[in-house]
Each structure stands twice: as structure tokens, then as C-alpha cells.
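Visitor: Numbering (the working numbering), first residue to last: 1 to 71. Using N, Cα and C, we set each Cβ at its ideal position, and we do this for glycine too. Please read these numbers as outputs of a predicted model, since none were measured by experiment.
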Ligand SMILES: [Zn+2]
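(1) Could you spell out where the alpha helix (DSSP H) holding residue 56 opens and where it closes?
(2) Residues around ligand 1, please: the ones whose beta-carbon is closer than 7 Å to some heavy atom of it, in chain order.
(3) In whole angstroms, what separates the C-alpha of residue 16 from that of residue 42?
(4) Looking at residue 9 and residue 62, is the spacing between their C-beta atoms short of 7 Å?
(5) Quick one: is residue 49 buried, meaning 16 or more other Cβ sit within 10 Å of its Cβ, or exposed?
(6) Apart from the five residues just before and just after residue 31, which ones in its own chain have a Cβ nearer than 6 Å to its Cβ?
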């Protein structure tokens, strides 16, 4: 399943499964979701990241940081 790189308000980037209109573990509000960051384990708002603004290294790390496979 495709994963979307998201930017969390805690400052981390990670890859998550982003399915509009179908999410069981996150509170949705507009284009943002509240979910647990897999890096720092805090709950924070996330939104799809503008990957063109990330460096290649940031993008690589984000793609290797996956949250749980349950959307
Ligand atoms: Zn974080």
C-alpha cells in the first residue's frame, strides 16, 4: 500500500498510510490528522508533507520511518 510522507507538528517527518474518509485511529480535521508520531511517540497533528521542500536525506529517513500498518 502506498504511504504518504507527512509532516508532524512535533517536527518529524514519517511515512503513513493516508486514506481520505477512512481512518480508524486518527481524529480527522480538514487536511490534518491527530496521530502518534513513530519517532518521538507523542500525539501531534500531521498533514501531508511538501516533499519537494525536503532534502534527499530527510526524504530517505521519512520513507524509512513507518507508523503501524493499521490505518
Ligand atoms: Zn515526533
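Guide: In brief:
(1) 56-64
(2) 8, 10, 11, 12, 37, 39, 40, 42 and 44
(3) 15 Å
(4) no
(5) buried
(6) 47
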